[in-house]
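Visitor: The structure under discussion is supplied below as structure tokens; questions concerning it will follow.
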Amino acid sequence: MKIEVIQADITEIQVDAIVNAANTSLLGGGGVDGAIHRKGGKQILEECIAIRNRQGGCDVGQAVITKAGNLPSKFVIHTVGPVWNGDKEEKKKLLADCYKNSLELALENNIKTIAFPNISTGIYHFPKDKAAEIAIQAVKEFSRKEEFEKIIFVCFDEENHSLYKNLQDN
Ligand code: AR6
39 MKIEVIQADI TEIQVDAIVN AANTSLLGGG GVDGAIHRKG GKQILEECIA
89 IRNRQGGCDV GQAVITKAGN LPSKFVIHTV GPVWNGDKEE KKKLLADCYK
139 NSLELALENN IKTIAFPNIS TGIYHFPKDK AAEIAIQAVK EFSRKEEFEK
189 IIFVCFDEEN HSLYKNLQDN
């Protein structure tokens, strides 16, 4: 299994699954969520609505899966990061859960290559340095990580990219 760190737009990445930093409604929003729904088209929203009708959205730290519509990936795994607002240990655990539950769901769907954005570090204000440590640690600790061919951290901004590059080298 290879861990890669790149700076790119996740909607352009060709992998089995890209991960979306969604919200509990699953109905789209701004940031990476907005970009994924815009470029992926209506198939993604329709499947999200079907999931909502079945299970009433997605809890923080959990993940659900849809096809990827017009995106180059095959699937989108939608996970909901925590909003950073004080209860630090609880929020850190929930952020780690996003990565672990996304990886678990990926394996259930025979996904071998997966790309993650920097969940919660935009609109949800999670400190980027802490989020990067949690993300890398969660992937490294994931017991079935060797079943993946490649796990990519797709950083959008330069700050996240250099944080991840430094952690990857350590
Ligand atoms: N490709 C890769 N990363 C991106 C892209 C992109 N195209 N666009 C933004 N990012 P955010 P959150 C980075 O705000 O903090 C939405 O409204 C961005 O620079 O997308 O988890 C949802 O519906 C940042 O580092 O997600 C929720 O309501 C990272 O993606 C809420 O925002 C995450 O930023 C979720 O907030």
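Residue 39 is where the sequence shown starts when you use the working numbering, and the numbers rise one by one after that. From the three backbone atoms N, C-alpha and C, an ideal C-beta is built for every residue, glycine too. All figures in this text were calculated on a predicted structure; none of them were measured in a lab.
Helix, strand or coil for alanine 144, going by three-state DSSP, please let me know.
Guide: Looking at alanine 144 - three-state DSSP - the assignment turns out to be helix.
Visitor: Tell me whether lysine 163 is buried or exposed, calling it buried when 16 or more other Cβ atoms sit within 10 Å of its Cβ.
Guide: The sequence given here has histidine at residue 163, not lysine. Classification for histidine 163: exposed.
Visitor: For glutamine 81, which of Val70, Thr104, Gly69 and Gln93 has the nearest alpha-carbon?
Guide: Checking every option, the nearest Cα to that of glutamine 81 belongs to Thr104.
Visitor: Decide if the segment 49-57 is in contact with the segment 194-202; the criterion is three or more beta carbon pairs, one per stretch, under 8 angstroms apart.
Guide: The answer is no - the segment 194-202 does not touch the segment 49-57, with fewer than three Cβ pairs under 8 angstroms.
Visitor: Cβ of asparagine 198 within 7 angstroms of any heavy atom in the ligand AR6?
Guide: At least one heavy atom of the ligand AR6 is nearer than 7 angstroms to the Cβ of asparagine 198, so yes.
Visitor: Please report the straight-line C-alpha distance between lysine 183 and proline 110, rounded to a whole angstrom.
Guide: If I take the Cα positions, the gap works out to 23 angstroms.
Visitor: What is the chain-ordered set of residues for which the beta carbon lies under 6 angstroms from any non-hydrogen atom of the ligand AR6?
Guide: The filter returns Asp47, Ile48, Thr49, Ala59, Ala60, Asn61, Gly67, Gly68, Gly69, Val70, Asp71, Ala73, Gly119, Pro155, Asn156, Ile157, Ser158, Thr159, Gly160, Ile161, Tyr162, Val192, Phe194, Asp195 and Asn198, in chain order.
Visitor: State the start and end residues of the unbroken beta strand (DSSP E) segment that holds glutamine 45.
Guide: 40-45 is the extent of the beta strand (DSSP E) around glutamine 45.
Visitor: Contact between the segment 148-163 and the segment 56-74: three or more CB pairs below 8 angstroms?
Guide: Verdict: yes, contact present.
Visitor: What do you reckon, is the C-beta of valine 192 under 7 angstroms from a heavy atom of the ligand SAH?
Guide: The model depicted lacks the ligand SAH and carries the ligand AR6 instead.
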